[in-house]
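Enquirer: Sending over a structure as structure tokens; questions will come in a sec.
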Ligand SMILES: [Mn+2]
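Numbering (my numbering), first residue to last: 120 to 439.
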């Protein structure tokens, strides 16, 4: 599902003077790491680059060099090229149709459900992270790949592989990580910043979520819920919820873990994690998508409705 080659993508980027590099809403480590790596590298090659991320860079990733250059509102200007990173579909990219119409849209991603919404598309579901693709793209571009870029790519790859623990981790993942370490980055320092130190709000949200932990009768499905009010009381935002879902998935005997998060706009965001079950297929029933063992969807309706509809669908698949 690659469609275009990295060489074709590189030549479009090289031909562009003014670029917008962006990533998905509610960005994770891969989103921000890929954004910074490509943005900084293109900037160092003399191009005008705007790095844009709706809501800005999450607090725990602000230690990365270049994080202060990422804008959270889009400047009113035209771009030759817009690069969407780690976005499975057009809706995940926070850029209006009007802005997109003027530019060449390049879609670089690793989600198998990517619907090739760009004018050029490079989608490699074998890549553990979009950051792996960016590593190869930078080689293709032949741009200077310094310590800041290496650190951003290391964050991208280590977060999407859960510190090289998930099934998506390949020999290539480690080879790329090795090349990044060769540039002198400090993995212990990066890991403690990214994975270990938790904001108080995240721990308070976890305490609340665990108090809602519920199981299916056979014990194979576990889920937690968080209301908008819970999050307000914890002082938590979306970034504080990253990884929280694993507390449901990682319980002995559980096959699918879920987190239901009530939004203030009458929708519920549902996260799915599994050991083997294809949860992307289940999420797709509700208009969502993602990876086989990590997926999500957003459902209109109350929290209780979302829980009963989704758990029924999950139980159906897990039973089979
Ligand atoms: Mn990713």
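Just so it is clear, CB atoms sit at the ideal spot from N, CA and C, and this is done for glycine as well. A quick note: this is a predicted structure, and the numbers were derived from the prediction, not measured.
Residue 83 by DSSP, collapsed to three states: which one?
Expert: The shown model of the chain, from 120 to 439, leaves out residue 83, and the question about it has no answer.
Enquirer: What residues in its chain sit with their C-beta under 7 Å from that of residue 266, if we drop five residues either side in the sequence?
Expert: Here residue 266 corresponds to residue number 147 of the chain shown, with the count starting at 1. Cβ neighbours of residue 266 beyond the five flanking positions: 302, 303, 304.
Enquirer: Can you check the region 286-339 for any alpha helix (DSSP H) of at least 4 residues that lies completely inside it and give the ranges in chain order?
Expert: Qualifying alpha helix (DSSP H) stretches, in chain order: 290-300, 306-310, 319-329.
Enquirer: By alpha-carbon positions, which one of 309, 370, 322, 312 ends up nearest to residue 332?
Expert: The residue given as residue 332 occupies position 213 in the chain shown. Of the listed residues, the one whose Cα sits closest to residue 332 is 370.
Enquirer: Can you find the residues in the same chain that come closer than 6 Å, C-beta to C-beta, to residue 256, ignoring five residues on each side of it along the sequence?
Expert: Translated into the one-based positions of the chain shown, residue 256 becomes position 137. Around residue 256: 125.
Enquirer: How far does the beta strand (DSSP E) with residue 145 in it extend, from its first residue to its last?
Expert: Taking the chain shown and counting its residues from 1, one reaches residue 145 at position 26. Here residue 145 belongs to no beta strand (DSSP E), and DSSP marks it neither H nor E.
Enquirer: At the level of alpha carbons, what is the spacing between residue 339 and residue 435?
Expert: Along the chain shown, one-based indexing puts residue 339 at 220. Along the chain shown, one-based indexing puts residue 435 at 316. Each residue's Cα considered, the two are about 12 Å apart.
Enquirer: If you draw a straight line from the C-alpha of residue 205 to the C-alpha of residue 416, how long is it?
Expert: Residue mapping note: residue 205 aligns to position 86 of the chain shown, counting from 1. Residue mapping note: residue 416 aligns to position 297 of the chain shown, counting from 1. Approximately 16 Å between the Cα atoms of the pair.
Enquirer: Where DSSP assigns a beta bridge to residue 377, which residues make up the other side?
Expert: Reading the chain shown from its first residue, position 258 is the one you call residue 377. In the DSSP output, where bridge partners are listed per residue, residue 377 has 342, 391.
Enquirer: What residue range is occupied by the uninterrupted beta strand (DSSP E) comprising residue 128?
Expert: The residue given as residue 128 occupies position 9 in the chain shown. That residue, residue 128, is in no beta strand (DSSP E); its alpha helix (DSSP H) goes 125-134.
Enquirer: Considering only residues of the same chain and omitting the five flanking positions on each side of residue 282, which have a CB-CB separation below 7 Å?
Expert: Here residue 282 refers to the residue found at position 163 when the chain shown is read from its first residue. So the qualifying residues of the chain are 310, 314.
Enquirer: Hey, which unbroken runs of the beta strand (DSSP E) at 3 residues or more fall wholly within the region 220-268?
Expert: For the region 220-268, whole beta strand (DSSP E) runs of length 3 or above, ordered along the chain, are 223-228, 239-242.
Enquirer: Helix, strand or coil for residue 427? Go by DSSP, reduced to three states.
Expert: The residue given as residue 427 occupies position 308 in the chain shown. Here residue 427 sits in helix by DSSP.
Enquirer: Looking only at DSSP bridge pairs, what is residue 200 linked to?
Expert: The count along the chain shown starts at 1 and reaches residue 200 at position 81. Answer is 138, 223.
Enquirer: Let me have the residue list for ligand 1: C-beta closer than 6 Å to any non-hydrogen atom, ordered along the chain.
Expert: Listed by chain position, these are 149, 205, 229, 248, 249, 279.
Enquirer: Decide if residue 194 is buried, meaning its Cβ has at least 16 other Cβ atoms within 10 Å, or exposed.
Expert: Looking up residue 194 in the chain shown gives position 75. Exposed, by the Cβ-count rule.
Enquirer: State the CB to CB distance for the pair residue 247 and residue 278, rounded to an integer number of angstroms; the pair is presumed to be in contact (CB under 8 Å).
Expert: Position 128 of the chain shown, counting from 1, holds the residue named residue 247. Position 159 of the chain shown, counting from 1, holds the residue named residue 278. Their Cβ separation, rounded to whole angstroms, is 10 Å, which puts residue 247 and residue 278 out of contact at 8 Å.
Enquirer: Would you please state the rounded distance, in angstroms, between the beta carbons of residue 156 and residue 296? I believe it to be under 8 Å.
Expert: Residue 156 sits at position 37 when you count from the first residue of the chain shown. Residue 296 sits at position 177 when you count from the first residue of the chain shown. Not confirmed; about 14 Å, so no contact.
Enquirer: Relative to the C-alpha of residue 200, which candidate in 187, 430, 351, 237 has its C-alpha closest?
Expert: For the purposes of this step, residue 200 is identified with residue 81 of the chain shown, where counting begins at 1. Of the candidates 187, 430, 351, 237, the one whose C-alpha sits nearest the C-alpha of residue 200 is 237.
Enquirer: Grab me the residues of residue 222's own chain with a C-beta within less than 8 Å of its C-beta, minus the 5 sequence neighbours each way, in chain order.
Expert: Counted from its first residue, the chain shown places residue 222 at position 103. Answer for residue 222: 139, 197, 198, 199, 200, 201, listed in chain order.
Enquirer: Tell me whether residue 235 counts as near ligand 3, meaning its Cβ is closer than 7 Å to at least one heavy atom of that ligand.
Expert: What this structure holds is ligand 1, not ligand 3.
Enquirer: DSSP on residue 211, reduced to helix/strand/coil?
Expert: Residue 211 sits at position 92 when you count from the first residue of the chain shown. Here residue 211 sits in helix by DSSP.
Enquirer: List the whole-angstrom C-beta distance separating residue 399 from residue 359, where the pair is believed to meet the contact cut-off of C-beta under 8 Å.
Expert: The residue you call residue 399 lines up with position 280 of the chain shown. The residue you call residue 359 lines up with position 240 of the chain shown. No, residue 399 and residue 359 are not in contact; Cβ-Cβ is about 25 Å, not under 8 Å.
Enquirer: Which whole-angstrom value is the C-beta distance of residue 379 and residue 342, which I expect to be below 8 Å?
Expert: Your numbering for residue 379 matches position 260 in the chain shown. Your numbering for residue 342 matches position 223 in the chain shown. Their Cβ separation, rounded to whole angstroms, is 6 Å, which keeps residue 379 and residue 342 in contact under 8 Å.
Enquirer: Tell me the rounded alpha-carbon separation between residue 312 and residue 147.
Expert: The residue labelled residue 312 in the question sits at position 193 within the chain shown. The residue labelled residue 147 in the question sits at position 28 within the chain shown. If I take the Cα positions, the gap works out to 14 Å.
Enquirer: From 225, 244, 316, pick the residue whose C-alpha is nearest to that of residue 231; which is it?
Expert: As a working note, residue 231 is residue 112 in the chain shown. For the residues 225, 244, 316, the minimum Cα distance to residue 231 belongs to 244.
Enquirer: In the DSSP assignment, find the beta strand (DSSP E) that holds residue 167 and state where it starts and stops.
Expert: The count along the chain shown starts at 1 and reaches residue 167 at position 48. Looking at the DSSP string, the run of the beta strand (DSSP E) that includes residue 167 is 167-171.
Enquirer: Name the residue from 121, 123, 175, 170 whose alpha carbon lies nearest to the alpha carbon of residue 137.
Expert: Taking the chain shown and counting its residues from 1, the one referred to as residue 137 is at position 18. The candidate whose alpha carbon is nearest that of residue 137 is 170.
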